[in-house]
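Here the structure is laid out as structure tokens; the discussion comes afterwards.
What follows is the structure, encoded as structure tokens:
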């Protein structure tokens, strides 16, 4: 399923394609997924689980120390979003692809909105800490600054997926650092 | 087709759904679109045509004067991207939805990459003009600044589509103006 999604997208996620990838019959697969909606829901849950457990710079799962609080933590959380290596490209390709089906289904849209909302809350906490440390201007609205930084990262993901040659990892990082530098001025 | 896309997305764009919306038979439709790929290609071309001809702040089609050159023109071009009213929400919902199918097809991906590349070139020209007018710092790289501004706008589109309550038109405009203000500092 993962391989089907990262190459053919949600549009190409059919019971037949997944069965072919597994070398199984479509009939066997319908035992687990009676219809496409069931397959889609499963794919989005699996996407959630993979995203939650993948290695993160901002909050290492292996117990290693995260970057120091404030701006460095904000930067690490935003770097976690960008397609900086092959695995992150594949994951992002699937996330971006999920927006089409999620926007068409109220339940899935709500789940996605909640996900991005929680991410903005985490970024806002990093901003508040950076303000406390004097790394970001104290007069800026933390929620606005976090929403802007999230927008910047999400839009950069889309650009980098379509034009990887124009947006290699180094340029993505440089653009993000440029954004953070203008905020810190 | 437009109505199917804006509510069910590309995933829901089937010959059957379009035929039902038109009150026509699927058989009649297959006369024009022999398969789903043909229907998709047509939808993306139509999307291009609509985007090219819709009213724009940065380059009014009715011959009325565009905003003055430089920062004001950059701002207008970015406002043109945002889902600030119902029509722009519907159009953006379809654009964002198209990313899934476009990423899965090399031809469509190339067409999208070219489209965003041309948009970045136009934004870069506005940045250069704003720098000439002393509205933006002369030492900033115009292409980087344009890519950052486009990223900001695209990411804001995604956030606003999923959380319209958190991102009403006024807040989208305020966030964009905040981004431009930090660049101008």
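Protein chains in written order, with this note's numbering: chain P, 1 to 185; chain B, 1001 to 1185.
The beta carbon of each residue, even a glycine, is placed where N, CA and C say it ideally should be.
* In angstroms, rounded to a whole number, what distance separates the CA positions of residue 56 of chain P and residue 1128 of chain B? -> 37 Å
* **Under the three-state DSSP convention, the category residue 1127 of chain B falls into** => In this structure, residue 1127 of chain B counts as helix in the three-state DSSP scheme.
* **Where residue 8 of chain P falls, given that 16 or more other Cβ within 10 Å makes a residue buried** => buried
* **N- and C-terminal bounds of the alpha helix (DSSP H) containing residue 1041 of chain B** => 1036 to 1053
* Hey, would you say residue 1152 of chain B sits closer than 8 Å to residue 155 of chain P, going by beta carbons? -> Taking 8 Å as the Cβ cut-off, residue 1152 of chain B and residue 155 of chain P qualify as a contacting pair.
* To do: Locate the alpha helix (DSSP H) running through residue 170 of chain P, then write down its first and last residues.
  => Run containing residue 170 of chain P: 169 to 184, per the alpha helix (DSSP H) assignment.
* Starting from residue 1163 of chain B, find everything on chain P with Cβ-Cβ shorter than 8 Å and list it in chain order. => The answer, in chain order, is 113, 116, 117.
* For residue 1047 of chain B versus residue 1077 of chain B, is the C-beta spacing smaller than 8 Å? -> no
* To do: Run the CB neighbour count on residue 1132 of chain B, radius 10 Å, all protein chains shown included, and call it buried at 16 or more, exposed below.
  => With fewer than 16 other Cβ atoms within 10 Å, it is exposed.
* **Reference residue 183 of chain P; option with closest CA among P:71, P:116, P:82** => Nearest to residue 183 of chain P by C-alpha distance, out of P:71, P:116, P:82, is P:71.
* Asked: Should the segment 93 to 113 of chain P be called in touch with the segment 1093 to 1100 of chain B, which here means at least 3 C-beta pairs below 8 Å?
  -> Taking one beta carbon from each stretch, the segment 93 to 113 of chain P and the segment 1093 to 1100 of chain B have 3 or more pairs nearer than 8 Å; the two touch.
* At a Cβ threshold of 8 Å, is residue 59 of chain P touching chain B? -> no
* **Cβ separation of residue 1058 of chain B and residue 1085 of chain B, assumed to be a contact under 8 Å, to the nearest whole Å** => About 16 Å; that fails the 8 Å criterion.
* Asked: the segment 4 to 17 of chain P: which residues have C-beta closer than 7 Å to a C-beta of chain B, in chain order?
  -> If the cut-off is 7 Å between Cβ atoms, the segment 4 to 17 of chain P has 7, 8, 9, 10, 11, 12 near chain B.
* Asked: When the cut-off is 8 Å and only beta carbons count, does residue 1099 of chain B lie next to chain P?
  -> yes
* Would you kindly work out how many angstroms separate the C-alpha atoms of residue 5 of chain P and residue 1121 of chain B, rounded to a whole number? => 32 Å
* Shortest alpha-carbon distance to residue 1067 of chain B belongs to which of B:1130, B:1112, B:1013? -> B:1130
* Where does the unbroken alpha helix (DSSP H) through residue 142 of chain P begin, and where does it stop? -> 142 to 162
* To do: Look at residue 29 of chain P and residue 19 of chain P and say whether their C-beta atoms are less than 8 Å apart.
  => yes
* Asked: Looking at the unbroken alpha helix (DSSP H) that takes in residue 16 of chain P, where does it start and where does it end?
  -> 15 to 22
* From the beta carbon of residue 1033 of chain B, is the nearest beta carbon of chain P less than 8 Å away? -> no
* To do: Output, in sequence order along the chain, the residues in the segment 121 to 152 of chain P whose CB is closer than 7 Å to any CB in chain B.
  => 144, 147, 148, 150, 151, 152
* Asked: With 8 Å set as the bound, which would you pick, yes or no: does the beta-carbon of residue 89 of chain P sit closer than that to a beta-carbon of chain B?
  -> Residue 89 of chain P does not count as touching chain B.
* Beta-carbon gap between residue 146 of chain P and residue 1162 of chain B smaller than 8 Å -> no
* Does any CB atom of chain P fall closer than 8 Å to the CB of residue 1070 of chain B? -> Taking Cβ atoms only, chain P never reaches closer than 8 Å to residue 1070 of chain B, which makes this a no.
* Helix or strand or just coil, what does DSSP make of residue 89 of chain P? -> helix
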